[in-house]
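K.L.:
For reference, each letter of the sequence shown is one residue, going 0 to 148 in numbering that gives the first Met the number 0. Got a structure for you, written out below as structure tokens; questions coming shortly.
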Amino acid sequence: MTTNEHAVSETAAHAAHEVRVVYSRLRRRLRETYDRADLTPSQTSVLSRLDKDGEASVVDLAAAEGVRHQSVASTVGALVERGLAGRRRDPEDGRRQLVYVTDSGHAFLEERRSAGESWLARALDEQCTEEERQVLLAATAVLERIVNS
């Protein structure tokens with residue numbers, strides 16, 4: 000056993016498995032609520048990262064995404080072509096360009112998020128009791144605590 004490994008309870012291992020499986024299924028289902036032909040997963044990831052973290056260079060995006068510079072450059076090109084992202088010169092280094100989300104890009108992301116949340120809210124309202132929804136709220140608080148630890 001390495002120093003990073005330690006025994007965990009059977010319930011912890013089972014819960015970890017179930018959360019991972021359900022999370023994956025939920026993500027797929029949420030993606031189905033909007034037109035998947037809109038953007039590739041890579042384009043969505045880069046646009047979402049820019050939306051969350053702010054403008055960045057292609058080199059920085061490649062490092063954050065864990066992919067090659069050329070792959071991100073191609074992805075950014077497609078986003079710029081669609082008007083969802085833009086480029087501007089870095090004020091600190093004029094040789095570098097920074098990529099940012101345009102107003103159209105923000106609107107696009109918001110529309111997608113809204114569609115997913117609307118579907119999920121309807122499903123929770125139709126298929127769950129108030130008590131079950133309260134359990135989900137408590138569980139998400141626990142998951143948030145784990146994520147932030």
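The beta-carbon is built from N, C-alpha and C at its ideal position, and this holds for glycine as well.
Is the distance from the Cβ of arginine 81 to the Cβ of aspartate 89 below 8 angstroms?
P.N.:
Residue mapping note: residue 81 aligns to position 82 of the sequence shown, counting from 1. Residue mapping note: residue 89 aligns to position 90 of the sequence shown, counting from 1. Against a cut-off of 8 angstroms, the Cβ pair of aspartate 89 and arginine 81 comes out as no contact.
K.L.:
So the beta strand (DSSP E) alanine 84 belongs to, where does it begin and stop?
P.N.:
Working through the sequence shown from its first residue, we reach residue 84 at position 85. Looking at the DSSP string, the run of the beta strand (DSSP E) that includes alanine 84 is 84 to 89.
K.L.:
Is arginine 111 buried or exposed, if buried means 16 or more other CB atoms sit within 10 Å of its CB?
P.N.:
Here residue 111 refers to the residue found at position 112 of the sequence shown. Classification of arginine 111: buried, given that the 10 Å Cβ count is 16 or more.
K.L.:
Tell me the residue span of the alpha helix (DSSP H) that contains glycine 115.
P.N.:
As a first step, residue 115 must be located in the sequence shown, where it is residue number 116. Its alpha helix (DSSP H) spans residues 102 to 126.
K.L.:
Can you name the residues that DSSP bridges to valine 98?
P.N.:
Translated into the one-based positions of the sequence shown, residue 98 becomes position 99. Ala55 and Arg86.
K.L.:
Which residues mark the beginning and the end of the alpha helix (DSSP H) in which glycine 76 is found?
P.N.:
In the sequence shown, residue 76 corresponds to position 77, counting from 1. Element bounds for glycine 76: 68 to 80.
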